[in-house]
Structures are given as structure tokens and as C-alpha cells.
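Before any comments, here is the structure.
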Amino acid sequence: MIKVFYLIVFVFSFVILGYTQPSYDNCNTPVNIPDVTNYCSNIAQYTLENGTPSGYGPATCWPNTNKDVWFRFRAFFTDVSITIIGNNTGGTKGGTLLRPMAALYKGVCGGTIAELKCGVDNGAQGILNIYHGGLIIGADYFIRIDGVNNTTGTFQLCINNFNPPAKAEQ
1377 MIKVFYLIVF VFSFVILGYT QPSYDNCNTP VNIPDVTNYC SNIAQYTLEN
1427 GTPSGYGPAT CWPNTNKDVW FRFRAFFTDV SITIIGNNTG GTKGGTLLRP
1477 MAALYKGVCG GTIAELKCGV DNGAQGILNI YHGGLIIGAD YFIRIDGVNN
1527 TTGTFQLCIN NFNPPAKAEQ
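Residue numbers (this note's numbering): 1377 to 1546.
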């Protein structure tokens, strides 16, 4: 009887721990990143594994939506560079994600949300960078990340929010 009990506990633990979806796979429960002035997560800190579609359709440049995850930040400056590093074939490994996709949004989850920028790792390099200028200082923005053709895996997220250098007078 004790063996059966331990077997049930083991199987239940595996199911719960092995198939738990990320808590940030919904626009209403994003990972809040409080300071994005040169932020970089730990390697493989985030995952698409066991994620579920958030209910939003694919971003404009994405072929589909699979297991998207969400992040939120407040702009301190006007420009942002967002880099998702997965299984980077040309350099530092940030995780196991093979073909990341990312989109930047402004608005309110569950209300009106507008896509500002969209990117896809079409070259299967395991890394993607998107840049957007003209952010409103003090406004909240959302980053949505997914994998091309239902690819999943872990990744590192790096964000740099900055003011661009002044243009030289002519």
C-alpha cells in the first residue's frame, strides 16, 4: 500500500512540475521588468515550454501564434532595443529556443492594445533583435515572445531603453 502511495505522489509531482505552464503566458500576467536601462535576464531564465496561446492573434509578421509569453516595462527613455537569445548558432547561447519571434505593444491588456514593432528570426540563427523609437516616457509597454512553427525552448531576454545620441548639426 505504501508503494502505491509513493507511486501516486511521484506521478502527480511529475505531472504538476513537468507540465506547469509559465505564469507569464498571458497578457494580463506578464513578467514585470522594473528597470530596462541595460537589462539582461539570466541565461535560459524564461521559457515557452508548456505555454498556451494568450488569445491574441498572431503579430503582423508572425506566421502563427503558439505558446506566447508576455513581459511589461515602463519606458524611462524614448528608444528601446529588445534582444531574444535562444540557441544562437553564431555566438553565445541564451537558451534552447531555435527561432524566436517578438512583438512590442502599447496599450491595455484585455482592452485596446496596439502593435508597434514585430520581428521573426527567419534565418534560424536563434537570436532576434527588434528596435523601436518614439516611446512615451512613463508609459507601459508589452513584449510578446513566441517560437516559429510551434518551436519552444528557453531564452534570455535583453532590453536596453535609452535616448539616442543627438544628431550633429550640419
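All C-beta atoms in this analysis are idealised placements derived from N, C-alpha and C, irrespective of residue type, glycine included. Small disclaimer: the values here were computed from a predicted structure and weren't measured.
#1: Can you give the beta carbon distance from ASN1464 to SER1430, rounded, assuming they're within the 8 angstroms contact cut?
#2: Could you have a look at ASN1536 and say whether DSSP puts it in helix, strand or coil?
#3: Which whole-angstrom value describes the C-beta separation of ASN1537 and PHE1453, a residue pair presumed to lie in contact below a C-beta threshold of 8 angstroms?
#4: Pop quiz: GLY1495 and PRO1540 are said to be a contact at Cβ under 8 angstroms. What is the actual Cβ separation, rounded to whole angstroms?
#5: Whole angstroms are fine: how far does the CA of ILE1506 sit from the CA of ASN1408?
#6: Taking the continuous beta strand (DSSP E) assigned at TYR1362, which residues delimit it?
#7: So, LEU1480 versus THR1527, is the Cβ gap smaller than 8 angstroms?
#8: As an exercise, report each continuous alpha helix (DSSP H) stretch of at least 4 residues that is fully enclosed by the region 1437-1485, in chain order.
#9: If you run the structure through DSSP and keep just helix, strand and coil, what is ASN1418?
#10: Mind checking GLY1462: buried by the 16 CB within 10 Å criterion, or exposed?
#11: If we ignore side chains and look at the alpha-carbon of each, how far apart do GLY1514 and PHE1531 end up?
#12: Note down, in chain order, each residue of its chain lying with its Cβ closer than 7 angstroms to the Cβ of TYR1422, except the 5 sequence neighbours on either side.
#13: Rounded to whole angstroms, how far is the Cβ of MET1477 from the Cβ of ASP1455, which I believe are closer than 8 angstroms?
#14: Quick one: give me the first and last residue of the beta strand (DSSP E) that ASN1567 is part of.
#15: Quick check on this structure: which residue in CYS1485, TYR1400, LYS1493, LYS1543 has the alpha carbon closest to the alpha carbon of GLY1427?
#16: With DSSP run on the structure shown, which of helix, strand or coil describes ASN1526?
In short:
#1: The count along the sequence shown starts at 1 and reaches residue 1464 at position 88. The count along the sequence shown starts at 1 and reaches residue 1430 at position 54. Wrong, their Cβ atoms sit about 26 angstroms apart, outside the cutoff.
#2: The sequence position of residue 1536 within the sequence shown is 160, counting from 1. Three-state DSSP puts ASN1536 in a strand.
#3: Here residue 1537 refers to the residue found at position 161 of the sequence shown. Here residue 1453 refers to the residue found at position 77 of the sequence shown. 5 angstroms between Cβ atoms; contact.
#4: Sequence index remark: in the sequence shown, residue 1495 carries index 119 (1-based). Sequence index remark: in the sequence shown, residue 1540 carries index 164 (1-based). Not a contact, Cβ separation roughly 19 angstroms.
#5: The residue you call residue 1408 lines up with position 32 of the sequence shown. The residue you call residue 1506 lines up with position 130 of the sequence shown. In a straight line, the C-alpha of ASN1408 is about 19 angstroms away from that of ILE1506.
#6: For residue 1362 there is no data in the structure shown, the boundaries of the chain being 1377 and 1546.
#7: Taking the first residue of the sequence shown as 1, we reach residue 1480 at position 104. Taking the first residue of the sequence shown as 1, we reach residue 1527 at position 151. No; because the gap between Cβ atoms is not below 8 angstroms, this pair is not in contact.
#8: none
#9: Counted from its first residue, the sequence shown places residue 1418 at position 42. DSSP places ASN1418 in coil when its eight states are reduced to three.
#10: The count along the sequence shown starts at 1 and reaches residue 1462 at position 86. The residue is buried, with at least 16 neighbouring Cβ atoms inside 10 Å.
#11: As a first step, residue 1514 must be located in the sequence shown, where it is residue number 138. As a first step, residue 1531 must be located in the sequence shown, where it is residue number 155. Roughly 27 angstroms separates the two Cα atoms.
#12: Here residue 1422 corresponds to residue number 46 of the sequence shown, with the count starting at 1. Hits under 7 angstroms: VAL1445, THR1530, PHE1531, LEU1533.
#13: In the sequence shown, residue 1477 corresponds to position 101, counting from 1. In the sequence shown, residue 1455 corresponds to position 79, counting from 1. Contact flag wrong, Cβ pair sits at about 21 angstroms.
#14: For the chain, the structure presents residues 1377 to 1546; residue 1567 sits outside this window and is missing.
#15: As a first step, residue 1427 is located in the sequence shown; it is residue number 51 there, counting from the start. Measuring from the Cα of GLY1427, the nearest candidate turns out to be TYR1400.
#16: In the sequence shown, residue 1526 corresponds to position 150, counting from 1. Of the three classes helix, strand and coil, the one that applies to ASN1526 here is helix, per DSSP.
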